[in-house]
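Residue numbers for the sequence shown follow our numbering, so the first one is 102 and each next one is one higher.
Here's the structure we're looking at; comments come further down.
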Amino acid sequence: MTRTTVQRDNEAAARRAADVMANQINDARTRGTDVHIAVAGGSTPRRAYELLAKMQGTWAHVHLWLGDERCVPADHPDANQRMIDESLISALRSGERPHLHPVRGELQPEDAAWLYASEIVRAMGEKPMFDFVLLGLGEDGHTASLFPGDPAALCEHAPVLPIRGAPKPPPERITLSLPVIRQARFTLLLATGEGKREALARVRAGDPDVPAGRLGDAIDEIVCDEAANQ
């Protein structure tokens, strides 16, 4: 069953997400195993990464994967890779760095998606299972780069999907598919702001027209602020 954690405001919600990620990283460090984390874009996730960067300890066992990426060069302002580097990796106090697995955003979506899927399979096997997936939620109900009404949201046969014609610029992207997200050991959906209230209500109701609504109990925790909570 999905747990919902309602925080006072955006800052508190970001801190909760950072704390959950930190627990995943620390638990893997204690076990002596690698941890594979799929990260999200967006302003609230960015704040969570800034808070996470203050965590003490080693990072060499941490593998960061992009839950979605825009097909732009790595240094482009719209690139999630750049945001992750600025907010988390470059801000770390430790000399060690996590392994960030970049998307070849300069390529066409089909090529970039195929290469990223191949890298995921090499790292985690034919049926990849992320230890932790952080998802955001758009006001239109999209999560990762799975948009309402896009047939890609229904695709069940590929771990990474090419996206063309996304309703938000830039239109060309790649994204993890819903089946891969469902297989994750722990998935957290982060939603803040009054503008997310309707979309979040539809996710909670299991509305199949909202991609995240198709995840059901595969979402382990929803973290939202009071403004987004219905």
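Where is the CB? At the ideal position from N, CA and C, for every residue including glycine.
This structure is a prediction, so every number in the text was calculated from the model and none was measured.
What residue range does the alpha helix (DSSP H) around residue i cover?
i	result
I126	N111 to R132
I282	L279 to R283
R305	R298 to R305
T145	S144 to L153
I43	This structure gives no information on residue 43, because the portion of the chain shown stretches from 102 to 331.
State the CB to CB distance for the pair residue i and residue j, rounded to an integer number of angstroms; the pair is presumed to be in contact (CB under 8 angstroms).
i	j	result
R171	G226	Actually they are not in contact, since the Cβ atoms of R171 and G226 sit about 27 angstroms apart, beyond 8 angstroms.
P174	I275	Their Cβ separation, rounded to whole angstroms, is 14 angstroms, which puts P174 and I275 out of contact at 8 angstroms.
A319	T288	6 angstroms
D241	A329	Wrong, their Cβ atoms sit about 14 angstroms apart, outside the cutoff.
E327	R104	Incorrect: roughly 17 angstroms between the Cβ atoms, too far for contact.
To the nearest angstrom, how far is it from the Cα of residue i to the Cα of residue j?
i	j	result
L279	G239	16 angstroms
D310	Q182	29 angstroms
L193	P203	18 angstroms
A149	A115	5 angstroms
T293	P178	23 angstroms
A245	D251	13 angstroms
V136	L208	28 angstroms
Q331	A313	17 angstroms
I361	G142	Past the edges of the chain, shown from 102 to 331, lies residue 361, and the structure says nothing about it.
G317	G307	6 angstroms
G266	G168	18 angstroms
R303	A129	33 angstroms
R223	V281	15 angstroms
P272	I264	8 angstroms
K297	L290	12 angstroms
R198	P268	34 angstroms
Y217	C325	30 angstroms
So the beta strand (DSSP E) residue i belongs to, where does it begin and stop?
i	result
A139	V136 to V140
Q108	R104 to Q108
W166	V163 to L167
L291	T288 to A292
V324	E322 to D326
Comparing C-alpha positions only, which one of the options sits nearest to residue i?
i	options	result
L236	A224, A118, T106 and L152	A118
R286	D241, W166, G294 and F231	F231
L153	G168, Q125 and T134	Q125
A213	V261, D321, P229 and D128	V261
E322	M184, A328, P312 and R305	R305
G249	R315, T145 and H162	In the sequence as displayed, the identity of residue 249 is Pro instead of Gly. Cα-wise, what sits closest to P249 is R315.
A161	M184, L201, L208 and T145	L201
N111	T145, R223, V140 and R130	T145
F233	V121, R109, I190 and S188	V121
Q284	E273, K228 and P268	K228
A258	R132, I190, W215 and L189	A small correction: the amino acid at residue 258 is His; Ala does not occupy that position in the sequence shown. Nearest of R132, I190, W215 and L189 to H258, Cα basis: W215.
S195	V222, G158 and L290	G158
R132	A139, D186, V163 and E187	V163
A139	I221, L255, S191 and P271	I221
S219	L277, P270, E187 and S191	L277
K155	L165, H243, A123 and C325	A123
L165	A180, I190, C256 and E295	I190
R147	N127, T134 and E187	E187
A180	E295, N127, V324 and P270	P270
Self-check item: Completely contained beta strand (DSSP E) runs for the stretch 190-220, where each covers 3 or more residues
Solution: 200-202
Quiz item: What are the complete beta strand (DSSP E) segments, minimum 3 residues, inside the stretch 218-283?
Solution: 233-236, 261-264 and 274-277
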